[in-house]
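Here the structure comes first, spelled out in C-alpha cells, and everything after it is commentary.
Residue numbers (the working numbering): 48 to 84.
Shown next as C-alpha cells:
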C-alpha cells in the first residue's frame with residue numbers, strides 16, 4: 048500500500064473543493080492528486 052501525504056480528513060475536505068470546481072471524481076482521483084503533490 049502506498050504511503051499517502053494527505054490524511055483522510057484533509058483529503059475529504061480537498062475532495063469536496065475539487066468536486067465543487069467540476070473536477071470529475073474518478074476512482075483514482077486521490078492517487079492523481081497525491082502524485083501532483
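Positions of the beta carbon are idealized from the N, C-alpha and C atoms, including for glycine.
Here the structure is a predicted model, which is why all the values come from computation and not from measurement.
Does the separation of the CB atoms of residue i and residue j fall below 8 Å?
i          : j          : result
residue 84 : residue 52 : yes
residue 61 : residue 80 : yes
The alpha helix (DSSP H) that contains residue i, what's its start and end?
i          : result
residue 51 : It is not in any alpha helix (DSSP H) - residue 51 carries neither H nor E in the DSSP assignment.
residue 77 : 76-83
Mapping DSSP to helix, strand and coil, what is residue i?
i          : result
residue 73 : coil
residue 60 : helix
Which same chain residues, not among the five before or five after residue i, have their C-beta less than 7 Å away from its C-beta?
i          : result
residue 58 : 77
residue 70 : none
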